[in-house]
Structures are given as C-alpha cells and as structure tokens.
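Data block below; observations after.
In the working numbering, the protein residues as written are 30 to 337.
Below you can see the structure in the form of structure tokens.
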C-alpha cells in the first residue's frame, strides 16, 4: 500500500521529508543492501563491545583476546565444515577454436578431483557497497575507549601514589588499556582535580604498596628471590656443562687432525701416495727465511746506484 502513495508537494515540508522513517513511496533497489549493512555493522559493534567487556573481566589485553576469539572461530568453522561435500567439478567436455577450426579441448577430458578441494573451507561473502563506508576515522589509529569505573579511578590514584608518573608501569595494572589511554586519563584528572593529583604524586593519600594486589591487577606472577637465585644457579651449571662439552669436542677435533696429519706424512714417506702441489709448497715454506720484502730490495738497489 505504501508503494502506491505519493507525496503532496504543496503541503509536505522539509521537516517531514527528513524524518528517519518515512514509509511512503517505492523502496529503492539498494534498500535491502543498506539494511543488511546496517545490521552487520550493529553486530560488529556488539562483538567489539563483548570483546572489551571480556578483556576487562579477564584482565587481558584487547588485542590478545580478539586474536584468540578469531582463532577459535576459525577452528569452529573448519570443524563444522570438515565433512562438507567437495564442490562438483565441471565434467562436460569443452571445445575450443584452433586455427579457425573447432576442436576438442584435451584438458577437459581429464578430471582433477583435488583442484577445488580447498574451496570447501572457504567462506562465501557477497560484496556490499554500504558496508565499507570511509570517513576520517577509517585509517586512524584511535579506537573506542570504555568509560573508567569508580573502582578503576581509585586504583589509578593508588598507582599514582606508588609509581608516580610511570605510565608504562601503571598500564600493567590495567591490561585492557594502553599506556596512551592511561596518560590521557592522568591529563584529564590533572585538569579536573589538580589538588588530588598533587596529593597522589606526593604519596599523601595513605597508600601502601601491596605486592599481591599488584600481581592480581596486572594478572602476572613474579618469582621470589630464592626462585630467581635457583634459576640463576641452574643456568650457571648448564653453562659450565656446555663449556666442558665444547672443550672436549675441541680436543677431540685436534686429536683427529693430528692423527690425519701423521697418517698423511707416513703415506708420503712410504710412497703410498704423492704430495699435492699445496703440500709441496707448504713443505718448502717451512725451510724459507724471509730477509726482506721486494719494496725494501728495490729501495736498497736505488740507494746503491745513486752516486754519493
């Protein structure tokens, strides 16, 4: 019914025309595509929100959690399509034109059943021109930042009293946030509550360092001094063992080279084998005595020829 209605140009205003929903007139051929793109965009937005919430809850970085979710979805897709049917190949005999005459294509008489086997695990996606909308933020590095909760703000001020303006160390207490976001929060709080920031940096808020709380917030485990010393001693022992192995291998190599040299000299002396040209040169060079270089001899001869 709405497709046969028309607009009265005399009474219809621009305000009515600019309303978000106007079910009058014939729907455009691109209407369904735009609705699909809108639905897909909302779904992606919900997925990103879910990733941010889970990363905050699990105290993990957003990038690592997103990569894990993508890998799980790929594994699930492959597992669901593991027993999929192979795509049917074109079994009809093909013809082609050769030298102006129609002839049989010999390649079409051979069927390669493994040519399209990988297509089973591919996902088909229809292009939609309304999905890839480009604006000023398309190629930017900025991303959506969730609002800081009251608990996060309290922990942020405690971290300022403990670590000062070391934002890289403070960012470890908020794995789902980056150092840039932590620094931006500090700049904002410095403008809104400069006195409180000053007290926090002076460590006058009565904050005591709690190592267990820091490990829980950063979702990391740190070894004790005894465990570190034990690992260090183990590394030293392994280093000593490796040096012993290298020394034994070096001595063994020297002994093998010495045995080969003795065997070669014995074969030469007994006449079992002849000396190579390189071996003869090496043998002759052992009895050589260097009395000077060619340049020195030339210089000496020039000095002798010059009359005094």
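Note that the Cβ used here is the ideal one computed from N, Cα and C, for glycine as well.
It should be emphasised that the depicted structure is a prediction, and the values quoted were computed from it without experimental measurement.
| query | result |
| --- | --- |
| Between which two residues does the beta strand (DSSP E) holding residue 125 run? | 124-127 |
| Cβ atoms of residue 169 and residue 229: under 8 Å apart, would you say? | no |
| Using the C-alpha atoms, what's the distance from residue 274 back to residue 175? | 56 Å |
| Tell me whether the beta-carbon of residue 276 lies closer than 8 Å to the beta-carbon of residue 204. | no |
| Where do the N-terminal and C-terminal ends of the alpha helix (DSSP H) with residue 320 fall, by residue? | Premise fails: residue 320 is in no alpha helix (DSSP H) and is neither H nor E. |
| Three Cβ pairs or more, each shorter than 8 Å: is that satisfied between the region 62-73 and the region 153-162? | yes |
| Going straight from the alpha carbon of residue 30 to that of residue 37, what length do you get? | Interpretation of residue 30 is limited by its pLDDT of 47, a score under 50 that renders its predicted location unreliable; the figure taken from the coordinates is listed afterwards. When rounded, the distance between both Cα atoms is 16 Å. |
| In the DSSP assignment, the alpha helix (DSSP H) including residue 130 goes from what residue to what residue? | Careful: residue 130 lies outside any alpha helix (DSSP H), inside the beta strand (DSSP E) at 130-133. |
| Select from 303, 56, 173 the residue whose C-alpha is nearest the C-alpha of residue 79. | 173 |
| Taking the alpha-carbon positions, what's the residue 194 to residue 88 distance? | 22 Å |
| Going by other Cβ atoms of all chains shown within 10 Å of its Cβ, with 16 needed for buried, is residue 206 buried or exposed? | buried |
| What residue does the alpha helix (DSSP H) around residue 59 start on, and which one ends it? | Unbroken run through residue 59: none, as it is neither H nor E. |
| Have a look at residue 125 and residue 153 and give me their C-alpha separation to the nearest angstrom. | 31 Å |
| DSSP on residue 274, reduced to helix/strand/coil? | helix |
| Relative to the alpha-carbon of residue 86, which residue among 307, 68, 202, 127 has its alpha-carbon at the smallest distance? | 202 |
| Given residue 296, which residues of its chain have a CB within under 7 Å of its CB, disregarding the five upstream and five downstream residues? | 302 |
| Can you tell me whether residue 173 is helix, strand or coil according to DSSP? | coil |
| Which residues in the same chain as residue 334 place their Cβ atom closer than 6 Å to its Cβ, once the five residues preceding and following it in sequence are excluded? | none |
| Confirm the yes/no value for this check: CB of residue 266, any heavy atom of the ligand MG, distance under 7 Å. | Ligands in the displayed structure: none, and consequently the ligand MG is not present. |
| Leaving out the 5 sequence neighbours to the left and right, which residues in its chain are closer than 8 Å to residue 94 when beta-carbon positions are compared? | 80, 83, 84, 87 |
| So residue 211 and residue 199 are supposed to be a Cβ contact under 8 Å. How far apart are they, rounded? | 5 Å |
| Name the residue from 139, 321, 286, 218 whose alpha carbon lies nearest to the alpha carbon of residue 177. | 218 |
| Are the beta-carbon atoms belonging to residue 123 and residue 137 less than 8 Å from one another? | yes |
| May I have the straight-line CA-CA distance separating residue 74 from residue 208, to the nearest angstrom? | 24 Å |
| Within the continuous alpha helix (DSSP H) that includes residue 218, where are the two ends? | 208-221 |
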